[in-house]
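In full-length UniProt numbering, the protein residues as written are 1 to 1133.
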């Protein structure tokens, strides 16, 4: 008879015989290791006495079930006669499966203490949270360890019992024992454990990488949790374990129930774990109803009971019962044969056999039955059938397919499907409406799922939408078809990427002089191949026209971006080449090289092309060197520091600049030369400031966005200078400079201008009587300091248009027309620069390290709203991920790593820009909005109520009203439209920060000039009248106030349930002056709810409160609401 594992459980009165061999250690000890030795059995009489002693029952006792407690097990372990100690037990078998329900057991046994310690070590290397220490009496948790060679723990499971289910909380295999099949062994043991306990299912949470393993073990894909983990479920009743037998061993297999050599039964209940260095026998999970050949090595764990470490009888009728877990696949029918050895496949559903249908042998297909004269098609959609012929066999479960569709549609990788991404899925599923119709459907869908339509659907809600049919009913076959369509689309994208690579190869082959631009002669190699037959002069003219049409200087040549555009353009202005044409160009080029033979002429010395790193860094140096003296002074280097994200005041920068010059052996009075500057941007050490080629290009484009085009910044400066030079003496006198100053916002009187002009002449070493020449004028408009008169390209282009000076742009019609629409972002130009800027804004003490408090400043701005304890734990976790001491802090390089590897959450570039704007606004508010640029930025964000990065007509009216606009709504609509047209803004989008800066600096009729005092007043009183200067606008203002109230309500409603509870309402009360304690506020809130007969504050009641100026209300002005909105947005609660 088989020795029962664990504490023997039997009804009182049942005699202990050969089947009652005691093998227990503590409650739930289960032997499960395959071996060639029989379990050590205690004498039957001793076992019977033990059972009677522990259970308190004698033969013929009460007909009830009993269990041994932990203390009873300890008592038995201490008795020597006929009992096996733990060490002896493990020695007798090759291994064991040890389960305990209270880790206090290690206090009384050194071996158990050592095993538990090993399990804790494995857990700490895989998981952040410690669950093993929580396994105590009555906790409901269990620890099961795979033990080998008496003292080695190879893996563990932590699980609990929930109703009729085992919920696995943690499971891991030691790193040194991976690849031996131990994971499958653990799942096999768990399955038999659940069967013995009469449970219905097993659930385990895993990441996307673990889904395939659990599916091989028979688990089915379930739902996905908000944190991205996937719940896998196994139907216990319809899954069984077997150990497949190799064909060559089948003949030597002993008869069922007997081991080799005649020593009794085969080892039932053994987990097939291989010795170290060998692969384990692979257990196969299969449907219980399958008809398999050969003996079964079935595990027999103790029947576990939830709670204390006891055991209970199996449920009657549980085995073979119906599956209770949703979505589980029915068992295979008998006769299908055994599963393939070495795999743990999920149960499959075979298609039902239709009446009269012939079943094909394996590997063959059966033609459909034919009627007279025509072929009978199966009852399926023809389109689907045609695609199925091309599709590979699909073995994924429905849940897996949905997950893969979600990932394929999630283009931006933010784990949310927005409106456009969901439209991709809808079109694949058959949606044929236009965009407005989809927007309507999308918002209705989001409303049904109670999510914000601007945010989108996460994986859990997407799966719910598919399965409940909110966006149409989809069969598994249709979902597979959609997934393959998405794969095909991805393949097309890959093909486009291959074409781009081919175009690049052709470009490089034609670029003989390697200057990364194709001259007329180099480009001719391509056009000759595709049919150009004109003369050389005709081609030169054609080449020049081609460049001019695409705003490229023919002298500079065609760069790769323009070349790629030309060979992909099939219109008359393009030069389209198919892939075959491009390949033919390469073949002809190779043939020409072969005909020429080996080169004997010494090539010209290599020079840096315009896109080489040396050329880019040199161009950046020249762009920064605004005074053209060959060195970057302290101000010019500060401009570079701002571009890479380092912001500080002038005093701190002076120290940084002096330190850098000292390290580079440069004279601070002279500045940094080009050689030292290139060394700086190439230095990857902490002392350097390494910039990638892309970052250098972005910075160069920021300083000179029109470089390489005909209307460059230099051309714009010359055009403005010539337009102001009325007497054409190549110098601007006081009257001519006054006209220019008017365009830049100067509105002083004659006396003020006289002083200003004298100062400008002194700055440029010019004589006031002679005037300012072009070189000095260029220096002024490029000088970003307070002494200069810096003008951006968009402002220069605007002056050109207003002064009708397009004729000074080399005869080009419209001159800077393209430049007027150019947007120059005020935020850093690359992702790394944005992150560095965020770092320096968070670094309050300026020590180039972010401590716990400074890191929380970033986290709070990014959306973290946990407690101090939660943040402390999160901060330590982040430091652990980047391997730094939490007490020391995070340096800039580590901070960039944290943001990019997701240790502190995933952030898109736009999200980082939004965080940067909030930090800059907070800095401006903290410093009293000192500095004109900071004030303008603060006004912009304060007026941008919908936070879309643009000021629409209503938002812009706050500023216009304050500076004196007194027209009605229709007049303002015309004014706003003219303002946008004059400054190159799209009225549909609105006015961005760059245009607002130009507007408030523009004192002409088309501008909206604001002094510093005006800007500060706007911050303090958003649209409020002050003595009648601003006319109220009736219903429009009421509508704007209602929208503002709604925005404040949404900011307070953290759980998005449409009601403000006690804590949420307190955040608002705090900002309107309530300073009482928690108890006092609780009484106040309860009284408010009773008066209003409500259990919370909804939007309607909230609006009444803030509009009620009586003692029973809580009236707030618009500026107060706006300030509350800003503070809540910054996390001040």
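Where is the CB? At the ideal position from N, CA and C, for every residue including glycine.
In this structure, the alpha-carbon of residue 726 lies about 19 Å from that of residue 780.
Counting the other CB atoms within 10 Å of its CB gives residue 671 a total of 16 or more, which places it among the buried residues.
Residue state for residue 155 is assigned as strand, using DSSP reduced to three classes. Take the alpha-carbon of residue 144 and the one of residue 218: they are about 21 Å apart. Counting only the Cα atoms, residue 537 lies some 20 Å from residue 510.
The alpha-carbon separation between residue 842 and residue 193 amounts to approximately 54 Å. Here residue 223 is near residue 463, since their CB atoms are less than 8 Å apart. The three-state reading of DSSP puts residue 734 in helix, counting H, G and I together. Spatial neighbours of residue 566 in its own chain (CB-CB distance under 6 Å, excluding positions within 5 residues in sequence) are listed in chain order as 574 and 575.
The alpha carbon of residue 403 has as its nearest neighbour, out of 465, 1111 and 683, the alpha carbon of 465. According to DSSP, residue pairing for residue 145 in a beta bridge involves 98 and 156. Looking at the backbone, the Cα of residue 109 and that of residue 116 are separated by about 11 Å. The count of Cβ pairs closer than 8 Å, one atom from the stretch 874 to 892 and one from the stretch 906 to 917, stays below three, leaving the stretches out of contact. Between residue 846 and residue 1050, the C-beta gap is not smaller than 8 Å, which leaves the two residues out of contact.
Spanning the alpha carbons of residue 940 and residue 951 requires a straight line of approximately 8 Å. Annotated three-state conformation of residue 512 is coil, per DSSP. Separation of residue 159 and residue 125 (C-alpha to C-alpha, rounded to the nearest whole angstrom) is 18 Å. Within the stretch 178 to 250, the alpha helix (DSSP H) runs of at least 4 residues that lie entirely inside it are, in chain order, 182 to 196, 211 to 216 and 247 to 250.
Residue 800 and residue 839 have their alpha carbons spaced roughly 39 Å apart. Taking residue 1078 as the centre and dropping the five residues before and after it, the same chain places no C-beta closer than 8 Å to its C-beta.
In the three-state reduction of the DSSP assignment, residue 1054 falls in the coil class.
If the five residues before and after residue 971 are omitted, its C-beta is found closer than 6 Å to no C-beta atom of its own chain. Taking 8 Å as the cut-off, the beta carbon of residue 428 is found closer than this to the beta carbon of residue 485. Contact check for residue 882 against residue 897 passes: the beta carbons are separated by less than 8 Å.
Scanning its chain for C-beta atoms nearer than 6 Å, with the 5 sequence neighbours on each side dropped, one finds around residue 520 the residues 540 and 543, in chain order. DSSP, read as helix, strand or coil, puts residue 169 in strand. A distance of 8 Å or more separates the beta carbons of residue 936 and residue 995. Residue 961: member of the alpha helix (DSSP H) spanning 953 to 962, first to last residue. Around the beta carbon of residue 128, a 10 Å sphere encloses fewer than 16 other beta carbons of the protein chains shown; the residue is thus reported as exposed.
Residue 98 sits buried, since 16 or more C-beta atoms from the chains shown fall within 10 Å of its C-beta. Only buried fits residue 397, as 16 or more other CB atoms lie within 10 angstroms of its CB. Taking 8 Å as the cut-off, the Cβ atoms of residue 443 and residue 644 do not count as close. Contact between the stretch 203 to 218 and the stretch 229 to 238 is present: 3 or more CB-CB pairs across the two stretches fall below 8 Å.
Residue state for residue 1110 is assigned as coil, using DSSP reduced to three classes.
In this structure, residue 722 lies away from residue 770, with their beta-carbon atoms at least 8 Å apart. Between the stretch 632 to 648 and the stretch 660 to 675 there are three or more C-beta pairs closer than 8 Å, enough to call the two in contact.
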